[in-house]
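Chemist:
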Amino acid sequence: MKRPLVILAVFYCLGLILANLMRIKFWLITVIATAIFAVVILWGRKNWIFLTGVLSLALLIGYLSMKNAWVLSNCHIRKFVTYKDSSLYWLNGRIASQPEFKNNHLWFILRVQQIQSDKVRYKCCGEVLIKMNFEQELNYGDNLTLMGNLGRPPSFGRSQGYRDFLARQGIYLIMPIKDHRQIIRQDKFHGVGLIRGCFWLRVYLEQVISRYLPPLPASILAAMVLGQKRNIPWLVNNSMVKSGTVHILVVSGFNVGIVAFVINLLLKILRLGRKARIILTAICLLIYCLITGASNPVIRATVMGLVFLAAYLFKREPDIYNSLTSAALFILVINPRQLFDIGFQLSFISVLAIVYFYPKLKALVHLEDCRSKILKFFAESCLVSFSAWLGTLVIIALNFRIIALVTVLANILIVPLATLITLCGFTLVLSGLIYPNLAHLFSLPTAALITLLLNLNAALIKLPVAFFYL
Amino acid sequence: MLNFTPEERKITLFLLGLALCGLVLNNLVKVNCRIERMVYPPVQLAKLNLNKVNLAELVATKCVSVKLAQRILEYRDLRKEFSSLEELKEVKGIGEQRYGKLKELFFIE
């Protein structure tokens, strides 16, 4: 077995899927898993028993972790609120995310510590989504007391997508705040200093970007460099979905790679040793992951980057499949429900498709024989885009009901441009921090490239049969 | 003299190239105001023109129902065109909250 971690992860994921399909009791599966564990301990010397036992255990642990993820603890806030409840509640807790102003509302997650209803106060846990109708300066870690009604998140028509999406994050309730009097701010800060620092840095970097660019290019650059998509206009997002290039608007492995490369280079110039360089680069990658909001693609890229750095540190040959599996397991062990998140699926399947299909397609078209460097580069770009498109085609068609035939062409043209914009974006942000006058100089080419990207995308989706809805 | 590693060379060239492009564009923007329109993305790429939008596009925004979209178009036909986004509030079914969402999606030309 060349890649044991990959096989174990596959069985673990199968267990997660089975848990969603079957209704076998948690304790029955626990008993079976314990029995298998005992068999492996007793007769594990035989190879086939060990192998079957370990794989079955991975499957059953997957099943159990998914079932366990759906069970709420007795003190969870969801258990205090009944369906269609119009009572007034007082919640005491701290802000667990950076508040974001989106669609004329301020949104944040409150980690609840106390709930009060009818003058009775209970200790509780869990998270609630807060939707405020007005803007107020709030930060991660602020301790608040909120008063209002608690309800289930809205579902749009027959679609339960939004409600399910929040449930996968462990959020079952939403509290609308319409008046300033519904919110009381406490003095104490209850958060992790490092996370607060990262959020502050993100806000500061967003301000740096908006200082040098008009709102539209600034929103696109903030998405590409900092992973902040909230200011992207609907039309831009929609046209990128149609052309199949919306993935450039999220922070991905490429951005993490740039950060690692720049940090490593700076440390190299400072004449730091190899080990110190690798450790400091790893720390910077973790900070970048927190700044960008630790979404699934960023966590995937960060874990993969850390695995690669560890391989260099211990002078081992890094394996892309193992690092990808480590990243998937890292996310799924923390929250198994993420397996059914479309962002998670697209992020991993696109990378897997590129890693798997690209070398095969390359060998199929005998690309090694091509002598022209430009032609070879162009053909390689085509094959990478085609591989990713092939891998994600079914998921996109099933979830978004759209098939974009222009995707391969769009990616060939737009991805190199997006790469250049990301590089310019990082340069702009860094120069904005160090030497603002130079940032003014860098802002014009960045804006021009973003304009070119938007125009190109708009032109591509106007092509005949560029995309069609199912 | 310049004892750069290959990576350092690439970065230096990238920064110099970017600075050169910035200088040229800066100069062009100062000399010709048309260039500025080419450098910065036009509003048409981010928002829909309310005076040209059709029923399908309105419904696709998912901010209005089919009925409300029809009412907006009827209002536009009646007045020939919208002169400001504020006029949207005069359409039955559009309150402050919905107007707040719609003004982010449309522009008037």
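Protein chains in written order, with the numbering used here: chain E, 1190 to 1659; chain S, 45 to 153.
We treat Cβ as the ideally placed atom computed from N, Cα and C, and that holds for glycine.
Note that the structure is a prediction, hence the values are computed from the model and not measured.
Apart from the five residues just before and just after Lys1457(E), which ones in its own chain have a Cβ nearer than 7 Å to its Cβ?
Modeler: The residues Arg1466, in chain order, have a CB closer than 7 Å to that of Lys1457(E) in the same chain once the five nearest residues on each side in sequence are set aside.
Chemist: Using beta-carbon positions only, say whether Arg1526(E) and Met1255(E) come within less than 9 Å of one another.
Modeler: Taking 9 Å as the cut-off, the beta carbon of Arg1526(E) is found closer than this to the beta carbon of Met1255(E).
Chemist: Within the same chain, show all residues whose beta-carbon is closer than 7 Å to that of His1379(E), passing over the 5 residues directly before and after it, in chain order.
Modeler: Arg1283, Gly1330, Asn1332
Chemist: Taking only beta-carbon atoms, is Ala100(S) less than 9 Å away from chain E?
Modeler: no
Chemist: To the nearest angstrom, report how far apart Asn1485(E) and Asn71(S) are at their CA atoms.
Modeler: 42 Å
Chemist: Beta-carbon separation of Leu1617(E) and Ala1607(E) under 9 Å?
Modeler: no
Chemist: If you draw a straight line from the alpha carbon of Leu1339(E) to that of Arg1489(E), how long is it in whole angstroms?
Modeler: 34 Å
Chemist: Among Met1429(E), Met1364(E), Leu1572(E), which residue has its Cα nearest to the Cα of Arg1341(E)?
Modeler: Met1364(E)
Chemist: In the DSSP assignment, find the unbroken beta strand (DSSP E) run with Asn1332(E) in it and report its ends.
Modeler: Element bounds for Asn1332(E): 1331-1337.
Chemist: Are at least three pairs of beta-carbons, each pair with one atom in the stretch 1473-1480 of chain E and one in the stretch 1423-1432 of chain E, less than 8 Å apart?
Modeler: Inter-segment contact for the stretch 1473-1480 of chain E and the stretch 1423-1432 of chain E is absent: fewer than three beta-carbon pairs are separated by less than 8 Å.
Chemist: In the DSSP output, what is Cys1314(E) paired with across the bridge?
Modeler: His1265(E)
Chemist: Of all Cβ atoms in chain E, is any one closer than 9 Å to the Cβ of Glu153(S)?
Modeler: no
Chemist: Whose C-beta lies closer than 7 Å to the C-beta of Ser1286(E) among residues of the same chain, with five residues either side of it excluded?
Modeler: The beta carbon of Ser1286(E) lies closer than 7 Å to those of Phe1297, Ile1298, Tyr1329 in the same chain, with the five residues before and after it left out.
Chemist: Pull up the distance between the alpha-carbon of Tyr1658(E) and that of Thr1219(E), whole angstroms please.
Modeler: 45 Å
Chemist: Using beta carbons (cut-off 9 Å, strictly below), is Asn1293(E) in contact with chain S?
Modeler: yes
Chemist: If I measure Cβ to Cβ from Cys1559(E) and keep anything under 7 Å in the same chain, skipping five residues before and after, which residues do I get?
Modeler: Lys1565, Ala1568
Chemist: Name the two residues that bound the continuous beta strand (DSSP E) containing Leu1280(E).
Modeler: 1278-1284
Chemist: Determine which residues share a DSSP beta bridge with Gly1340(E) and list them.
Modeler: Looking at the DSSP output, Gly1340(E) bridges to Ile1363(E).
Chemist: Using the beta-carbon of each residue, which ones in chain S are nearer than 9 Å to Thr1241(E)?
Modeler: By Cβ distance, chain S contributes nothing, its closest Cβ being about 49 Å from Thr1241(E), past 9 Å.
Chemist: Judging by CA-CA distance, which residue of Leu1643(E), Val1654(E), Gln1358(E), Pro1193(E) is the nearest neighbour of Ala1483(E)?
Modeler: Per the Cα distances, Gln1358(E).
Chemist: Pull the bridge partners of Met1321(E) from the DSSP assignment, please.
Modeler: Leu1295(E), Ile1366(E)
Chemist: Using only alpha-carbon positions, find the residue among Glu1324(E), Val1199(E), Lys1308(E), Leu1335(E) that is nearest to Val1317(E).
Modeler: Leu1335(E)
Chemist: Have a look at the DSSP bridge pairing and note the partners of Ile1373(E).
Modeler: Thr1334(E)
Chemist: Can you give me the C-alpha to C-alpha distance between Leu60(S) and Asn1257(E), rounded to a whole angstrom?
Modeler: 56 Å
Chemist: Figure out for me which residue from Tyr1272(E), Trp1216(E), Leu1649(E), Gly1446(E) has the closest Cα to the Cα of Val1487(E).
Modeler: Gly1446(E)
Chemist: 9 Å is my cut-off, CB to CB: does Thr1640(E) come that close to chain S?
Modeler: Yes, Thr1640(E) lies at the interface with chain S (some Cβ there is under 9 Å from its Cβ).
Chemist: Would you call the CB atoms of Leu1261(E) and Val83(S) closer than 9 Å?
Modeler: no
Chemist: Would a C-beta distance cut-off of 9 Å place Ala1636(E) and Pro50(S) closer than the cut-off?
Modeler: no
Chemist: With DSSP run on the structure shown, which of helix, strand or coil describes Ser1306(E)?
Modeler: strand
Chemist: Pick out whichever of Cys107(S), Asn98(S), Gly139(S) has its Cα sitting closest to the Cα of Asp121(S).
Modeler: Asn98(S)
Chemist: Taking Ala1471(E) as part of the beta strand (DSSP E), name the residues at either end of that continuous run.
Modeler: First-last for Ala1471(E): 1463-1480, but that is the alpha helix (DSSP H), not the beta strand (DSSP E).
Chemist: Which partner residues of Glu1289(E) appear in the DSSP bridge assignment?
Modeler: Looking at the DSSP assignment, Glu1289(E) forms a beta bridge with Trp1296(E).
Chemist: Provide the residue(s) that pair with Ile1591(E) in DSSP beta bridges, ordered along the chain.
Modeler: Tyr1658(E)
Chemist: So, using beta-carbon positions, are Ser1432(E) and Ile1650(E) closer together than 9 Å?
Modeler: yes
Chemist: Which residues in chain E have a C-beta closer than 7 Å to the C-beta of Ile116(S)? List them in chain order.
Modeler: Ordered by position in chain E, no residue passes the 7 Å Cβ test against Ile116(S), which lies about 16 Å from the chain.
Chemist: For Ala220(S), which residues in chain E fall below 8 Å Cβ to Cβ?
Modeler: Not covered by the structure: residue 220(S). The range shown for chain S is 45 to 153.
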